[in-house]
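Peer 1: This is the structure I have questions about; it appears just below.
Number of protein chains: 2
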Amino acid sequence: MNTMIHTRECPIETVINVLGGKWKPMIYWHLIESTKRFSDLERLIPAVSQKMLTQHLRDLEKEGLIVRTIHPVVPPKVEYALSDYGKTLIPVLEVMCAWGENHNERKSEESAS
Amino acid sequence: MNTMIHTRECPIETVINVLGGKWKPMIYWHLIESTKRFSDLERLIPAVSQKMLTQHLRDLEKEGLIVRTIHPVVPPKVEYALSDYGKTLIPVLEVMCAWGENHNERKSEESAS
DNA sequence: TAATGCACTAACTTAAAAGTAAGGGGTTGA
DNA sequence: TCAACCCCTTACTTTTAAGTTAGTGCATTA
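Written out as structure tokens, the structure reads:
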């Protein structure tokens, strides 16, 4: 029995915090397709710095969305994959994605007035 | 015919940008319930500063999610309401909310180990 | 007469996020 | 021998977001 106080954040903000880094949606997106190595992600997202890539991968790992597997070989091989739990975000992403696409449509139409 | 280049952002990021201010989810949330005045929102979200409230309301208005109605009376009366378009975000919010709640559950369980 | 409510705006400061640059350590290939 | 690969870490700077404080103008209320 714990009597801890649940000062839970707003669940919308939770989602935004989990995916809210500048590169997190893109990292997550690539991992939906398949397991990727650090260097794969660097190639797929050329504009991200190593520092930010590391940091965001750590964040996603802490949230339990991805799993980091180190293969003790030389040169080092580290693989990142969505966890089973991480996959539960996919339908959320799909809904967000659909709305976001529509919104982008809308905005490019209005700018083409 | 316009030949503009569509450098559209990732639709996930679109949603995050639209809702991504510190107080935007909460503002939006209160407006789902009903139309609110500026001072109503101040009362409902005591921690927000007037500056940030104004700024976020302007952002949401620019995105077309909310409508600002000025009643030319003294003292001034300004009402904020979700637009019809803004209401299309509700189901997205619901999906995000469900996942976020579950995630918060999960995290408070693991911290109660 | 003085304070309060309303819906802001502007100038400034602080905090958080992201970017930049350099290094490390062991191994293979040229 | 020397660079390249791999997966980072650290220290530092820049950029962006958010917070703080003060002020506006008119009208009602105390």
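Protein chains in written order, with our numbering: chain U, 1 to 113; chain Z, 114 to 226.
Ideal Cβ placement from N, Cα and C applies to all residues, glycine included.
Values in this document were obtained by computation on a predicted structure and should not be read as measured data.
If you run the structure through DSSP and keep just helix, strand and coil, what is Z/A194?
Peer 2: Counted from its first residue, the second sequence places residue 194 of chain Z at position 81. Strand at Z/A194.
Peer 1: What does the alpha-carbon distance come out to for the pair U/E9 and Z/Y198?
Peer 2: The residue given as residue 9 of chain U occupies position 9 in the first sequence. The residue given as residue 198 of chain Z occupies position 85 in the second sequence. For U/E9 and Z/Y198, the distance between alpha carbons rounds to 27 Å.
Peer 1: Which partner residues does U/I70 have in the DSSP bridge list?
Peer 2: Here residue 70 of chain U refers to the residue found at position 70 when the first sequence is read from its first residue. U/I70 pairs with U/V78.
Peer 1: So, does the CB of Z/I125 fall closer than 8 Å to a CB anywhere in chain U?
Peer 2: In the second sequence, the residue the question calls residue 125 of chain Z occupies position 12. Output row for Z/I125: interface = yes.
Peer 1: Taking the C-alpha atoms as reference points, what is the distance between U/P72 and U/I12?
Peer 2: By 1-based counting over the first sequence, the position of residue 72 of chain U is 72. By 1-based counting over the first sequence, the position of residue 12 of chain U is 12. Each residue's alpha carbon lies about 39 Å from the other.
Peer 1: Residue range of the alpha helix (DSSP H) that Z/W142 falls in?
Peer 2: For this step, residue 142 of chain Z is matched to residue 29 along the second sequence. Unbroken alpha helix (DSSP H) run through Z/W142: 137 to 146.
Peer 1: Work out the CA separation of U/T14 and Z/N217 for me, nearest whole Å.
Peer 2: Translated into positions along the second sequence, residue 217 of chain Z becomes position 104. Translated into positions along the first sequence, residue 14 of chain U becomes position 14. For Z/N217 and U/T14, the distance between alpha carbons rounds to 8 Å.
Peer 1: Tell me whether the beta-carbon of Z/L170 lies closer than 8 Å to the beta-carbon of Z/Y141.
Peer 2: Numbered from 1 along the second sequence, position 57 holds the residue referred to as residue 170 of chain Z. Numbered from 1 along the second sequence, position 28 holds the residue referred to as residue 141 of chain Z. Not closer than 8 Å, so no.
Peer 1: Can you give me the C-alpha to C-alpha distance between U/G64 and U/T35, rounded to a whole angstrom?
Peer 2: As a working mapping, residue 64 of chain U is identified with position 64 in the first sequence. As a working mapping, residue 35 of chain U is identified with position 35 in the first sequence. Those two C-alpha atoms are separated by around 15 Å.
Peer 1: Which word fits U/I66, buried or exposed, when buried means at least 16 other C-beta atoms lie within 10 angstroms of its C-beta?
Peer 2: By 1-based counting over the first sequence, the position of residue 66 of chain U is 66. That one is buried.
Peer 1: At a Cβ threshold of 8 Å, is U/E101 touching chain Z?
Peer 2: Taking the first sequence and counting its residues from 1, the one referred to as residue 101 of chain U is at position 101. Judged by the 8 Å Cβ criterion, U/E101 is in contact with chain Z.
Peer 1: Residues of chain Z with CB under 8 Å from U/G86, in chain order?
Peer 2: To locate residue 86 of chain U, count along the first sequence from 1; it is residue 86. Under the 8 Å cutoff, chain Z gives no residues; its nearest Cβ is about 11 Å from U/G86.
Peer 1: Hey, Z/K190 and Z/R150 are a contact pair by Cβ (cut 8 Å); roughly how many whole angstroms apart?
Peer 2: Taking the first residue of the second sequence as position 1, residue 190 of chain Z is located at position 77. Taking the first residue of the second sequence as position 1, residue 150 of chain Z is located at position 37. Indeed they touch by this definition, with Cβ atoms about 7 Å apart.
Peer 1: According to DSSP, Z/K220 sits in a beta bridge with which residue or residues?
Peer 2: For this step, residue 220 of chain Z is matched to residue 107 along the second sequence. None; Z/K220 has no bridge partner.
Peer 1: By the 10 Å Cβ neighbour count, where 16 or more other Cβ atoms means buried, how is Z/V187 classified, buried or exposed?
Peer 2: Here residue 187 of chain Z is taken as the residue at index 74 of the second sequence, counted from 1. By the 10 Å Cβ count, Z/V187 comes out exposed.
Peer 1: Which value, in whole angstroms, describes the spacing of the CA atoms of U/S39 and Z/M139?
Peer 2: Residue 39 of chain U sits at position 39 when you count from the first residue of the first sequence. Residue 139 of chain Z sits at position 26 when you count from the first residue of the second sequence. Whole-angstrom Cα-Cα distance: 39 Å.
Peer 1: Just mark Z/K200 as buried or exposed, buried being the case when its beta carbon has 16 or more other beta carbons within 10 Å.
Peer 2: Walking along the second sequence from the start, residue 200 of chain Z turns up at place 87. Label assigned to Z/K200: exposed.
Peer 1: Between Z/I203 and Z/I158, is the Cβ-Cβ spacing less than 8 Å?
Peer 2: On the second sequence, position 90 is the one that residue 203 of chain Z refers to. On the second sequence, position 45 is the one that residue 158 of chain Z refers to. The answer is no: Cβ separation not under 8 Å.
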